[in-house]
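Residue numbering for the sequence shown follows UniProt numbering, beginning at 1 and increasing consecutively.
Note that the Cβ used here is the ideal one computed from N, Cα and C, for glycine as well.
Take a look at the structure below.
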Amino acid sequence: MILEALGIRKGFSELVLADISLRLERGEILGIVGPNSCGKTTLLRILAGLEGYYEGEVRRNGSLSIVFQEDRLLPWKTLMENICLGLKYAGRRDIEKALNYARRLGISEEDLRSFPRRVSGGTRRKAAIARALALEPEIILMDEPFTGLDFSTMVTLRSSLADLLRERGISAIIVSHQLEDLLTVVDRCVVMTPKPSKIGAELNMRGMGLEERINLLKDVLMRMVSDHGP
1 MILEALGIRK GFSELVLADI SLRLERGEIL GIVGPNSCGK TTLLRILAGL
51 EGYYEGEVRR NGSLSIVFQE DRLLPWKTLM ENICLGLKYA GRRDIEKALN
101 YARRLGISEE DLRSFPRRVS GGTRRKAAIA RALALEPEII LMDEPFTGLD
151 FSTMVTLRSS LADLLRERGI SAIIVSHQLE DLLTVVDRCV VMTPKPSKIG
201 AELNMRGMGL EERINLLKDV LMRMVSDHGP
């Protein structure tokens, strides 16, 4: 186990998260899906240590990077400078490794020399992911990394990202509101219910082909609709 959440509860006037417990194993890619506004981002921030005032416990046994929904690139720096920014603050100089991650994610040399406003949203998203990977964390948390991308970019990025995570043995949690975004990427997926959110289902998809994953998803969603109502 590299990351574990135990009995997480969060809310003020309204309870958002109700007794959430989950585990991330070393080298595992875990998906978290659920309806809009069910607290997925809040849970991710708690796991990252960025959110306070909650009940429960988070245990982490490795270094961590996070990719937010927004790319958070500095507009006055080139993409390559942005990607290497984390290395600078970490006191590291692994520029070649950072460049390799950028290339593997499909960022061109021209785009690496460009400022964020000069490139597409998909390229900015790739740069944000490359920046997190460049730190070579043991754990990476990603909030909606495929949202808003055109179909071609999304398919390519999903494949490249999954390959990099598995090659490097990086444990990852990927949050999405659409499970189909994760079908070809994750080993396991937890499905959150509407607020107050709990874990409504857990899908172990390791070793399954795409058709098996789709059938499992249909069965689980039908069961959840039956249990919780439409």
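- Item | Neighbour-count burial assignment, Ser-63, 16 or more Cβ in a 10 Å radius | Ser-63 should be labelled exposed.
Can you tell me which of Met-154, Asp-94, Asn-204 and Arg-213 puts its alpha carbon nearest to the alpha carbon of Leu-30? Asn-204
Legend entry - Residue range of the beta strand (DSSP E) that includes Leu-3: Where Leu-3 is concerned, the enclosing beta strand (DSSP E) stretches over 3-11.
Discussion item. For a test of the three-state rule: what should DSSP assign to Arg-188, helix, strand or coil?
Written reply: strand
CA nearest to the CA of Lys-195, picked from Gly-39, Val-119, Asn-100 and Thr-123
Gly-39
Task: Neighbourhood of Gly-56 by C-beta, 7 Å cutoff - its chain only, sequence neighbours within 5 removed - done: Ala-5, Leu-6, Gly-7, Ile-8 and Arg-9
First and last residue of the alpha helix (DSSP H) that includes Ile-170? That residue, Ile-170, is in no alpha helix (DSSP H); it is neither H nor E in DSSP.
Review point. Beta carbon of Ser-171, beta carbon of Glu-136: below 8 Å?
Key: no
Please name the residue, chosen from Glu-202, Met-1, Phe-12 and Ala-134, that lies closest to Ser-66 on a Cα-to-Cα basis. Per the sequence presented here, residue 66 reads as Ile, with Ser not at that position. Among Glu-202, Met-1, Phe-12 and Ala-134, the Cα nearest to that of Ile-66 belongs to Ala-134.
Requested in this report: Please name the residue or residues paired with Asn-204 in a DSSP beta bridge.
Outcome: Looking at the DSSP output, Asn-204 sits in a beta bridge with Arg-188.
To which residues of the same chain is His-177 closer than 6 Å at the C-beta, ignoring the five residues directly before and after it? Asn-36
Practice task
Measure the C-alpha to C-alpha separation of Phe-151 and Val-33 and round it to an integer number of angstroms.
Solution key: 19 Å
Pull up the CB-CB distance for Asp-71 and Arg-124, whole angstroms please, since I reckon it's below 8 Å. 4 Å
Which of the three DSSP states is assigned to Arg-23 in this structure? strand
- Query: Near Arg-60, what residues of its chain come up, given a Cβ to Cβ distance below 6 Å and the 5 sequence neighbours on each side ignored?
  - Reply: Leu-3
So, with DSSP's three-state summary, where would you put Glu-180?
helix
Under 8 Å, with one C-beta from each stretch per pair, do the region 47-54 and the region 204-219 reach the 3-pair mark?
no
### Query
How about Ile-95 and Ala-130: are their beta carbons less than 8 Å apart?
no
Let me make sure I understand the geometry here. Which of Thr-42, Asn-82 and Lys-97 has the alpha-carbon closest to that of Phe-12? Thr-42
*asked:* Could you compute how far the alpha carbon of Gly-122 sits from the alpha carbon of Ile-20?
replied: 32 Å
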